[in-house]
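Sequential numbering from 1101 applies to the sequence shown in the numbering used here.
Even for Gly, the Cβ is constructed at its ideal location relative to N, Cα and C.
This report concerns only the one structure given below.
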Amino acid sequence: MICEVDDFRALKAALERMCAALERDAVPENAVFDCKLVASELLSNALRYGGGHAAFAAEKQGGEVVIRVRCANNFRPPDRVECSAVDAECGRGLFLVDALSASRTYSEEDGICVIVRIF
């Protein structure tokens, strides 16, 4: 199921639908939380920096959840990130994504693809 979001209210509703679908697929509760955080950070960045429109999908594949995010332009997040300073007001999102994910890749065709391992 592909969800499209144009604002943060739509983002919240789409994340709730994603969580319900993952729970139906028997994804453990802690992994659903991680997926929600990862998707939220990626989609927030896509809305802010990627043209104000994003689409995403999340699906269970074996023991993993794959989250794909596409945005309105070719916004490409940096390959490597570091956590921002303690007093910074932003700059932790991709750091959190990478900490919770097995991998994060990018292609112009597929957008940002994050694989979250479920333990």
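- Counting C-beta pairs with one atom in each stretch, the region 1129 to 1140 and the region 1175 to 1189 have fewer than three that are closer than 8 Å, which means they do not touch.
- In the DSSP assignment, Cys1119 falls within the unbroken alpha helix (DSSP H) covering 1108 to 1124.
- Ranked by Cα distance from Cys1119, the options Glu1164, Arg1109, Cys1135, Arg1176 are led by Cys1135.
- Rounded to whole angstroms, the Cβ separation of Ala1157 and Arg1168 is 5 Å, and the two are in contact under 8 Å.
- By the neighbour-count criterion, in which 16 or more other beta carbons inside 10 Å mark a residue as buried, Ile1102 falls on the exposed side.
- Here the alpha carbons of Glu1141 and Leu1200 stand approximately 11 Å from one another.
- For Leu1115, the closest of Asp1125, Val1127, Asp1107, Ala1139 by C-alpha to C-alpha distance is Ala1139.
- Bounds of the alpha helix (DSSP H) holding Phe1133 are 1129 to 1149.
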